[in-house]
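Each remark here refers to the structure printed beneath this line.
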Amino acid sequence: MYHSSNNLDFSYDSMPQPPPQPQPHPSPSPRASQTSHRFARATRRRNKLLGRNAPKPEKNPVPILESPQPDPAAFVEEPRADAAGYALDSSPLEHYESKTQRSERIATALERIAKNAAFFGLSAEENACPSDTSPKTAVIPLIVDAITQHVRDPKVADQGLTTLRRLTVDPVCRRTIGECGGVEAIVEVMRAHSLRVRIQTQACLALANLAYKCPENKRAFMKCNGLAVIVAALSIHSKAEHVQAWGCFAIRNFTNGAIEGEQDASVTAGAVEVLVTALEQYPKSNVVQQQCMIALTNIAAASPLGMERLRSAGGVQAVIASMHNNIRSSQLSEIALSCAKVLVEEESNQKIFGHDGGIEAITMVLDEHRGHTAIAVRGCAAFRQLAFQRENRDLLGRCGSIRAIITAMMDTASSKAETAAVLLKALSNSTYDSLANKTLAGRLGAVEAALHLISPDTFQSNTGVVEDACRVLRNLADGVQLNHRLLIEKGGVVAVLEAAREHGTSSAGVAEHCVAIFVNLSANQSLAEQLKEGGKDFAAMARELQLAHPGNDRVYKQVADLLSILEPKVDDGEPVSTESVEWRESKSCTWRETATQISFEESLRSSKSLRKTFSKEGEQLTRLQRLRSLPLPKSKKSAF
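In my numbering, each residue's number is its place in the sequence shown (first place is 1) plus 1202.
Take a look at the structure:
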């Protein structure tokens, strides 16, 4: 029997009987329930209009990381408090029903901190504590300690990482988190919860923020082998786009500005392979594409081992495919061209770019974003490196790359001297030792574009731009009569002489290229005769440039070639001259004194006579080709 006494002494000797069932409460009438609902809606509407929509207080509010009142009879460890008065609960677990309940309380407190937008908006100046410490920086050690103590609890890990991630926006908080061991704590959380997507995402984003402009956090991350943990997360969660995006973001920030040894550590951890895999798996994700290519650029630029691993993993082809897939995005195109510019510095990658459509992809990007200065600079910088290969130079002419370079020169080169220098170097390499490319460039306006960049309206006073422009004109005038005529008609002789006058004595490159231009022009017999008419002034210019750069073999060779054309030789091989060396040294500056009279241009024949000369040569060449195209007469058979 189940019986009881007055002193509540229960007896279970016999079979217990079920306790009495509780009686249900009478349900309210439908009309009363409807009235109460209407009253509640009206109350909420009135509070909303009056601005009284404050959240309801919790039944059992949990203090934010405060220490509970210990029992005086029990032994309690002294709570660790900071200068601001915050203390972390470090009492024994007996004060709670279980460890799970304690973890839930901490997770709830962290969640309240994470959702408190006003807390993250505080500043140290507006809310100074007695220790002159910001509440945000004061609570960071407590959060890191809570994560460390409950590293296996997913709720504490999730809420703690969310709170730390929001705090990493502040540079002071980033430094404080690193000093309190936050980097190591986050890495341990990633190891403990490797299969939880949300925790891995929050951890990767928090680590990426901690690495921003904080070398101390980078060193702590490398010391605890954090790159291997991020690589493992990217490998495990290959189907989670957020993990891929923020994991690549973390690798990007930790490899930015790292020295060669640190980059080799990232390569050894397998960062290159997971980055290339993410780049191939998410071709339409802007965030993944952006972070992957920047991270690959950081690694390839500072680590030869990383460049080799990238090439073997198919990273060059992945970057080319990214340029094709995201051609309409100016941001992704600029990032892809930056990566390509670094990759093509390797000779093996130059061949891959030429063979797998990299030159066509860069040309398409330049055509799509015409007028975009940053894209033009990066694309032409890649063309400059690619043109070192003879096969690539031929492709540059056939794929329209030379046209894209000249168009960029006309659209954007006049903005900055650095931009003009990069575009001129790309055109110079593209037209080197290729008659087809030189002729094509001349027809597309390369001579006019180069002369415009050294005109008084642009960069006539910039030695670097003048040297690059003279190098381009030298290449274009080498063996192409069309460019000879364009150089004369467009005022190229005066521009080259002005360049030699202003920068020839100070820059050996300008001196070499200016003299070489006249050497190339004199290859045409009619132009050589006209140059000889002003041979005295040209010879004086050449000798002065040679004296300004003693010991420079390149300048000496070009001057010797020009003097051999301008001055006749006797049997002993020395040029005939009626003046002594002293006269040359004292009178060689006379060609500078006639700058305003353009004596050199007047010494040449008029452009009209030059056009007649070229027209006669063109008629002879056309007549010769016509004769060659006629069929040969048939020989008569002899009869016997």
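Glycine included, each C-beta is placed from N, C-alpha and C at the ideal position.
In this structure, how does DSSP classify Gln1760 when only helix, strand and coil are distinguished?
Three-state DSSP puts Gln1760 in a helix.
Out of curiosity, what's the CA-to-CA distance linking Glu1381 and Leu1397?
Going from the Cα of Glu1381 to the Cα of Leu1397 covers about 28 Å.
Gln1533: buried (16+ other C-beta within 10 angstroms of its C-beta) or exposed?
Answer is exposed; the Cβ neighbour count stays below 16.
With distances taken from CA atoms, which of Val1489, Ala1340, Ile1607, Val1518 is nearest Glu1548?
Minimum Cα distance to Glu1548 is reached at Val1518.
Can you say whether Thr1339 is buried or exposed, counting buried as having 16 or more other CB atoms within 10 angstroms of its CB?
With 16 or more other Cβ atoms within 10 Å, it is buried.
In three-state DSSP terms, what is Asp1291?
Low per-residue confidence applies at Asp1291: pLDDT is 38, beneath 50, and the placement is therefore not dependable enough to give any value.
In this structure, does DSSP put Pro1190 in helix, strand or coil?
No answer is possible for residue 1190: it lies beyond the span of the chain, which begins at 1203 and ends at 1842.
Using DSSP with H/G/I as helix, E/B as strand and the rest coil, what is Phe1451?
The answer is helix: DSSP assigns Phe1451 an H, G or I state.
Once the 5 residues before and after Val1546 are set aside, which same chain residues still bring their CB inside 7 Å of it?
Hits under 7 Å: Gln1552, Phe1555, Ala1584, Gln1587, Leu1588.
From the DSSP output, in three-state form, read off Ser1779 for me.
Residue confidence for Ser1779 is low, a pLDDT of 38 falling below 50, so the modelled location carries little weight; the figure read from the coordinates is stated next. Three-state DSSP puts Ser1779 in coil, outside helix and strand.
Classify His1352 as buried or exposed, calling it buried when 16 or more other Cβ atoms lie within 10 Å of its own Cβ.
With 16 or more Cβ atoms within 10 Å of its Cβ, His1352 is classed as buried.
At 4 residues or longer, what runs of the alpha helix (DSSP H) sit wholly inside the region 1599–1680?
As far as the region 1599–1680 is concerned, its whole alpha helix (DSSP H) runs of at least 4 residues are 1603–1614, 1619–1632, 1637–1645, 1648–1655, 1665–1678.
Does DSSP put Asp1558 in a helix, in a strand, or in coil?
Here Asp1558 sits in coil by DSSP.
Just the C-alpha distance for Thr1350 and Gly1472, rounded to the nearest angstrom, thanks.
One C-alpha to the other measures close to 27 Å.
In this structure, how does DSSP classify His1526 when only helix, strand and coil are distinguished?
Looking at His1526 - three-state DSSP - the assignment turns out to be helix.
Using the Cα positions of Leu1747 and Ile1501, report the straight-line distance between them to the nearest angstrom.
Their Cα atoms are separated by approximately 45 Å.
From Ala1447, Thr1370, Ala1430, pick the residue whose C-alpha is nearest to that of Leu1409; which is it?
When each option's Cα is compared against that of Leu1409, the closest is Thr1370.
Alpha carbon to alpha carbon, how far is Val1695 from Ala1718? Give it in angstroms, no decimals.
Roughly 12 Å separates the two Cα atoms.
Starting from Asn1411 and walking both ways along the alpha helix (DSSP H), at which residues does that stretch end?
Element bounds for Asn1411: 1399–1412.
Among Ser1709, Gln1732, Ile1561, which one has its Cα closest to the Cα of Pro1752?
It is Ser1709 whose Cα lies nearest to the Cα of Pro1752.
Could you please give the first and the last residue of the uninterrupted alpha helix (DSSP H) stretch that includes Ala1515?
No alpha helix (DSSP H) holds Ala1515; DSSP gives it neither H nor E.
Between which two residues does the alpha helix (DSSP H) carrying Ser1532 extend?
Looking at the DSSP string, the run of the alpha helix (DSSP H) that includes Ser1532 is 1532–1545.
Within a Cβ cutoff of 8 Å, which residues of the same chain sit near Ile1401, ignoring the five residues on either side of it in sequence?
Here the set comprises Pro1356, Ala1359, Asp1360, Leu1363, Val1391, Met1392, His1395.
If you draw a straight line from the alpha carbon of Lys1415 to that of Glu1475, how long is it in whole angstroms?
Distance between the alpha carbons of Lys1415 and Glu1475: 26 Å.
Go ahead and pull the three-state DSSP assignment for Val1431.
Looking at Val1431 - three-state DSSP - the assignment turns out to be helix.
Closer than 8 Å is the cut-off here; do at least three beta carbon pairs connect the region 1661–1670 with the region 1631–1650?
Touching, no, given that fewer than three Cβ pairs across the two stretches are closer than 8 Å.
Return helix, strand or coil for Asn1458, following the three-state DSSP convention.
Looking at Asn1458 - three-state DSSP - the assignment turns out to be coil, as it is neither helix nor strand.
Under three-state DSSP, which class holds Gln1351?
Helix.
When you compare only the Cα positions, how much space is there between Ile1438 and Pro1506?
Going from the Cα of Ile1438 to the Cα of Pro1506 covers about 28 Å.
On the CB-based measure, 16 or more other CB atoms within 10 Å of its CB, does Asp1372 come out buried or exposed?
By the neighbour-count rule (16 or more Cβ atoms within 10 Å), Asp1372 is buried.
Check for me: the alpha helix (DSSP H) holding Glu1475 runs from which residue to which?
1473–1483 is the extent of the alpha helix (DSSP H) around Glu1475.
Give the range of the alpha helix (DSSP H) segment to which Val1371 is assigned.
Neither: Val1371 is in no alpha helix (DSSP H) and is coded neither H nor E.
Below 8 Å on the Cβ atoms is my contact criterion, and I expect Ile1561 with Leu1597 to pass it. Report the Cβ-Cβ distance as a whole number of Å.
Yes, they are in contact, since the Cβ atoms of Ile1561 and Leu1597 sit about 5 Å apart, within 8 Å.
Give the secondary structure of Phe1720 by DSSP, where H, G and I count as helix, E and B as strand, and everything else as coil.
Correct three-state label for Phe1720: helix.
Can you round the beta-carbon distance between Ala1725 and Ile1656 to whole angstroms, since I take them to be within the 8 Å contact cut?
Ala1725 to Ile1656, Cβ: 23 Å. No contact.
Only counting the same chain, and skipping five residues up and downstream in sequence, which positions put a Cβ closer than 6 Å to that of Glu1570?
These residues qualify, in order along the chain: Ile1529.
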